[in-house]
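K.L.:
Numbering (this note's numbering), first residue to last: 1 to 614. Note that the Cβ used here is the ideal one computed from N, Cα and C, for glycine as well. Note that the coordinates shown come from a computational prediction; the quantities given were computed from them, not determined experimentally.
(1) Does DSSP classify residue 336 as helix, strand or coil?
(2) Compute the beta-carbon to beta-carbon distance between residue 637 and residue 56, rounded to the nearest angstrom, for a pair I have assumed lies under 8 Å.
(3) In the DSSP assignment, what are the bridge partners of residue 554?
(4) Between the alpha carbons of residue 323 and residue 290, how many angstroms are there, rounded?
(5) Using 10 angstroms around the beta-carbon of residue 87, count the other beta-carbons present and answer buried if the total reaches 16, otherwise exposed.
(6) Rank 552, 106 and 429 by C-alpha distance to the C-alpha of residue 186 and give the top, closest one.
(7) Hey, does residue 427 have any beta-carbon neighbour from chain B nearer than 9 Å?
(8) Only counting the same chain, and skipping five residues up and downstream in sequence, which positions put a Cβ closer than 7 Å to that of residue 456?
(9) Going by DSSP, what residues sit across from residue 305 in a beta bridge?
(10) Quick check: what's the CA-CA separation for residue 550 versus residue 486?
(11) Can residue 338 and residue 328 be called in contact, C-beta distance under 9 Å?
(12) Using the three-state DSSP reduction, which class does residue 282 fall into: helix, strand or coil?
(13) So for residue 345, helix, strand or coil by DSSP?
(14) Short check: CB of residue 375 to CB of residue 396, under 9 Å?
(15) Give, in chain order, every unbroken run of the alpha helix (DSSP H) that is at least 4 residues long and sits entirely within the segment 96-178.
(16) Using the rule of at least 16 other Cβ atoms within 10 Å of the residue's Cβ for burial, across every protein chain shown, is residue 29 buried or exposed?
(17) Would you call residue 194 buried or exposed, if buried means 16 or more other Cβ atoms sit within 10 Å of its Cβ?
(18) Does DSSP classify residue 450 as helix, strand or coil?
(19) Measure how close the beta-carbons of residue 182 and residue 555 come, nearest whole angstrom, since I'm counting them as under 8 Å.
(20) Give the straight-line distance between the Cα atoms of residue 595 and residue 40, rounded to the nearest whole angstrom.
(21) Enumerate in chain order the residues of its own chain whose CB-to-CB distance from residue 606 is below 6 Å, with the five nearest sequence positions on each side excluded.
(22) Examine the Cβ distances between the segment 142-150 and the segment 100-110 and report whether three or more of them are shorter than 8 Å.
(23) Count the CB pairs spanning the segment 441-448 and the segment 193-213 that are closer than 8 Å, and state whether there are at least three.
(24) Using 8 Å for Cβ pairs, my map puts residue 531 next to residue 544. What's the rounded Cβ distance?
(25) Whole angstroms is fine: what's the gap from residue 123's alpha carbon to residue 212's?
(26) With DSSP as the reference, identify every bridge partner of residue 548, one or two as the case may be.
(27) For residue 224, which residues does DSSP report across the bridge?
(28) Can you have a look at residue 309 and say buried or exposed, based on whether 16 or more other CB atoms are within 10 angstroms of its CB?
(29) Starting from residue 468, trace the beta strand (DSSP E) both ways and give me its first and last residue.
(30) Give every residue of the same chain whose Cβ lies closer than 7 Å to the Cβ of residue 525, excluding the five residues on either side of it in the sequence, and list them in chain order.
(31) Which term fits residue 285, buried or exposed, when burial requires 16 or more other beta carbons within 10 angstroms of its beta carbon?
(32) If we call anything under 9 Å between Cβ atoms a contact, is residue 540 one with residue 604?
(33) Between the segment 222-232 and the segment 395-413, do three or more beta carbon pairs fall short of 8 Å?
(34) Could you give the DSSP three-state label for residue 289: helix, strand or coil?
(35) Might you give, ordered along the chain, the residues of its own chain that have their beta carbon closer than 8 Å to the beta carbon of residue 269, omitting 5 neighbours on each side?
(36) Counting only the same chain and skipping the five closest in sequence on each side, list residues whose C-beta sits under 7 Å from that of residue 313.
Spelled out as C-alpha cells, the structure:
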C-alpha cells in the first residue's frame, strides 16, 4: 500500500491545478491483501464480487466495452475505487455526525416521482412505480439519497477554500511565471530518406493491418419527428383545485419546530469557553471570536435548524434552551461549538395564502406534464402498432424531416434544420438503433421532443486496394519516416550525452524567455516538456503538431522577482489548495478505515483475455 502519495504531488498540484489527473491512480493506495469471495473490504464492510460484477456489467454494457478490455484499460479499478470512496465517506460522515434532515430527503423523493404522477396516480403509486423501475425498495432509496447528499455536504465543507498566505501565493506565482532559455534542433519526419521502396506485397500487408483506415464509413438515412409540446392544450387550474390540494396535503406544509442560532466552531476548548463567557457577558459573538481567536472565519454566522438537522449532542441542549441562552462549548467530531439561541420557532402549518401560488405552479406543472405524457405515450403506442410519423401529423403537432447519408462523424446538419447540439443528439440516437423501429420520444428542450426512425443502413465497406494504393504508399512512407527519425534522434541524444558528437553539428536555434504559455518558434505540444526539463540535460520531444522531433536542452532558468497577486490568481490557487485538502482528506480515510483489495480475484474475473494473450 502506497503512503504519502498526495503529499509527494502537492506542490505540482498547486502549480498546475491538475486535481482531476490524480484520481485515476488512487487504486494503488489500497492494494494490500484479499479474501476469497470479496473483491474488497472497507473497514470490515465487504464488497461482494457478485454485487460488484452486476454494477460493472451494467456500466460496461452502456459503454459497449468488453470486460477484459476494461480491465486492461484500468476501468475496472476506477469503478472499484469509486465504490470504495463512497463507503469511506459514508462511514466518516456517520462518525462526524453529519446528517441530512428527513424533510429534505422527502422533498428530493417528491421531485424524483413527479414524472410518474397523473390525475389518476397518487404519490404512493407513483413512488411504487419509480421503485419498480429502479429495482429498489423504499428503504434502499432513502438510504441511497441520504448517503449521496451527506457525502456532498461533507465534500463541500472540506473543499471550501482556506486562507492562503501571500508568501505562498507569491512563490507559486513565481514558479508559474518561470521562463527558460533553450537550444533546440528540429528534425522533420519528412526529411528522413526511406532507403528502399516498399513492394506491393509490403503495401498489401500494411493495408491488411490498417483496413479500418481505408473504409467507406457506414451511413444512415433517418426520419426525425419533432413534437412541439407548447401546442398541446394547457390545463386550467381553479382556486377550488388549489384549496383541495392544500387540504389533502396539509402534512406536506407542516413546518417542524426549529431554532435560529448564532454559532462558532473552534478547535481549542479553552478559547471556545472564553468566547462563550464573553457572549454571556454581552459581547457579540462575531467580535468575541475575532478578539479571542484572531480568526473571524471561525464565526459561522446565523442559521436555522430543525432538531433532526443537528447532531444529537448539539440538538439536545439547544432545543432544551430558551431564547438568549448561550450553549457550550459542546464537543463534536468537528470541534467545539459555541451556540447562542436567537429564537425558537414552534412547529406549525404554513397558511393557505402563503403557499397557494406555489401549489398553483405545482398543479400547473403536474397537469401540463401529464398532458405531455399522455400525448407522447399515445404517439409511442401508435408507432409501436405500425402507424407512421407522416400519418400522425394530422392529429398531433409533429414536424417530420428526412436526413440522408449520415456518418458517425458528421459534424452538422447540411439542411440547416437543426441546431448543432440537437443534431448531435439525432446522430447519437440514429446510431444506437438496430432496425427501423421508431425510437422513444426524447427531449430536445422543454418544449420539443423528438423520435427517430432509421430508413436505410449502408454498412461500412473497405475501399479496394487498387483504389487507395497511392494513399497507402503515402501513409506507409510517413510511418517509416517517423519510426526511423525516432531511432535516429534517440541515438543522437545518447551520443550528445556521451560527448561523442557536438550539438553545434545539428545547427540548433536559441529560444529565449520560453514560458508555459508557449513561443511561436516552438510547437505547443512540446512546450510543457521543455518547461519541465532539467537545466543542461539533452532530451528529445516528439511533436505530432509539427510532424517531427526536437532535440534540445535548457540553458538558463529565470524566476520573476516582483510578483503581483491579483484576485484571479488568488482564487485559482485557493481553489487548488481546497481541492488538495479534500484529496488529502480522502487519503487519510484509507488509514483511518482499513481497506484491502483482492487483486487476484479481479484478475481471474476480468483479466482472462489478458492472461491468455500472455
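P.N.:
Once the coordinates are examined:
(1) In the structure shown, residue 336 adopts extended strand secondary structure according to DSSP, grouped into three states.
(2) Past the edges of the chain, shown from 1 to 614, lies residue 637, and the structure says nothing about it.
(3) Paired residue(s): 182 and 535.
(4) Taking the straight line from one Cα to the other gives about 24 Å.
(5) Under this definition residue 87 is a buried residue.
(6) Of the candidates 552, 106 and 429, the one whose C-alpha sits nearest the C-alpha of residue 186 is 552.
(7) Of the protein chains in this structure there is only one, and it is not chain B.
(8) The answer, listed in chain order, is 220 and 221.
(9) Under the DSSP definition of a beta bridge, residue 305 partners with 259.
(10) Residue 550 and residue 486 have their C-alpha atoms some 10 Å from each other.
(11) In this structure, residue 338 sits near residue 328, with a CB-CB distance shorter than 9 Å.
(12) Looking at residue 282 - three-state DSSP - the assignment turns out to be coil, as it is neither helix nor strand.
(13) Looking at residue 345 - three-state DSSP - the assignment turns out to be strand.
(14) Yes.
(15) Complete alpha helix (DSSP H) runs here, min 4: 102-113, 123-134, 138-159 and 166-176.
(16) In this prediction, residue 29 has a pLDDT of 38, which is less than 50 and means its spatial position is unreliable; what the coordinates show is noted afterwards. Burial call: buried.
(17) Residue 194 is exposed by the Cβ-count criterion.
(18) Note: residue 450 maps to strand in three-state DSSP.
(19) Confirmed, about 6 Å.
(20) Between residue 595 and residue 40, the C-alpha separation is close to 7 Å.
(21) Contacts found: 67, 71 and 76.
(22) Using a Cβ-Cβ distance cut-off of 8 Å, the segment 142-150 and the segment 100-110 are in contact, since at least three pairs of beta carbons, one from each stretch, lie closer than that value.
(23) A contact is defined here as three or more CB-CB pairs under 8 Å, and the segment 441-448 fails this definition with respect to the segment 193-213.
(24) In fact, because the Cβ distance is near 18 Å, the residues do not count as touching under 8 Å.
(25) For residue 123 and residue 212, the distance between alpha carbons rounds to 53 Å.
(26) Partner(s): 188 and 543.
(27) DSSP output for residue 224 lists 401 and 452 as bridge partner(s).
(28) Buried: at least 16 other Cβ atoms inside 10 Å.
(29) No beta strand (DSSP E) contains residue 468, which is instead part of the alpha helix (DSSP H) from 465-498.
(30) Hits under 7 Å: 543, 544 and 545.
(31) When all chains shown are included, residue 285 counts as buried.
(32) In this structure, residue 604 does not lie closer than 9 Å to residue 540 by Cβ.
(33) Yes: the two stretches touch, three or more of their Cβ pairs being nearer than 8 Å.
(34) Reduced to three states, the DSSP call for residue 289 is helix.
(35) Around residue 269, the same chain offers 329, 331 and 336 as residues with beta carbons nearer than 8 Å, after the five sequence neighbours per side are excluded.
(36) Taken in chain order, the residues that qualify are 330 and 332.
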